[in-house]
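**Q** Here you go, one structure.
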Amino acid sequence: MSDTAWIVHQLAGRVRLRLPHRRKDVAFFQQAIEHLDALPGLERAKANPATGSLLVEFDEDSEVFTSLETYLRAQDIDIDYGDPPMAAARPTIKQGIKQVDDYIGLLSEQATDLRSIGVLFFLALSVLQMARGQILAPASTLLWYALYLLNGSDNAPSGD
1 MSDTAWIVHQ LAGRVRLRLP HRRKDVAFFQ QAIEHLDALP GLERAKANPA TGSLLVEFDE
61 DSEVFTSLET YLRAQDIDID YGDPPMAAAR PTIKQGIKQV DDYIGLLSEQ ATDLRSIGVL
121 FFLALSVLQM ARGQILAPAS TLLWYALYLL NGSDNAPSGD
């Protein structure tokens, strides 16, 4: 499967590409800049490997853009227009929570877990809010989350 270079912005003589699969690939971006620097009509080429971004400014009558397309395709990189698809955050968040839970279990010799700490945390906050006189909204909401965690469900409450 080939990578995709996403043309996220284009004007006459200027194009910005995002290459999410090449993010942090310094060597790739250095080679791309070297290729572009050798082309007549190039005004400026700037790469940001940290974000996987390439900005190319050129004389619109030159063959710079065509040469860039040819170069990318030779690297087995397709070209598309628009924003690159975003990676789903939920699996990353769940993995992070699991790592924290595992670490808490390791520290406590499996005597407690993240869910138990969450229950205690929300119970304590609900008692604090009740003591402050915030009984209806904040205290009941915190109590709801504590009971939800105590129930052990894996699905988040919808609030509907």
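Read in my numbering, the sequence shown has 77 at position 77, and its numbers run on one by one without any break. Just so you know, even glycine gets a beta-carbon here, dropped at the ideal spot from N, CA and C. On a predicted model such as this, the values are computed, not experimentally measured, just so you know.
#1: On the DSSP letters alone, give me the boundaries of the beta strand (DSSP E) that A124 sits inside.
#2: On the three-state DSSP scale, how would you describe A111?
#3: Within 10 angstroms of the Cβ of D68, are there 16 or more other Cβ atoms? Answer buried if so, exposed if not.
#4: Can at least three beta-carbon pairs, one atom from the region 17-35 and one from the region 91-104, be found at a separation below 8 angstroms?
#5: Who pairs with Q10 in a beta bridge, going by DSSP?
#6: Would you check if the distance between the CB atom of F122 and the CB atom of A146 is smaller than 8 angstroms?
#7: Which first and last residues belong to the beta strand (DSSP E) in which E60 is found?
#8: For the candidate residues P91, S108, S126, L17, whose alpha-carbon lies nearest to that of D78?
#9: Quick one: grab the DSSP three-state call for L39.
**A** Checking against the coordinates, here is how it stands:
#1: Counting along the chain, A124 falls outside any beta strand (DSSP E), though it belongs to the alpha helix (DSSP H) covering 114-131.
#2: Coil at A111, not helix or strand.
#3: Reading off the sequence, residue 68 comes out as Leu, not Asp. It is buried - the Cβ of L68 has at least 16 other Cβ atoms within 10 Å.
#4: The region 17-35 vs the region 91-104: no contact.
#5: As a beta-bridge residue in DSSP terms, Q10 pairs with V15.
#6: In this structure, F122 sits near A146, with a CB-CB distance shorter than 8 angstroms.
#7: According to the DSSP assignment, E60 belongs to no beta strand (DSSP E), since it is labelled neither H nor E.
#8: Closest by alpha carbon: L17.
#9: DSSP places L39 outside both helix and strand once states are collapsed to three, so it counts as coil.
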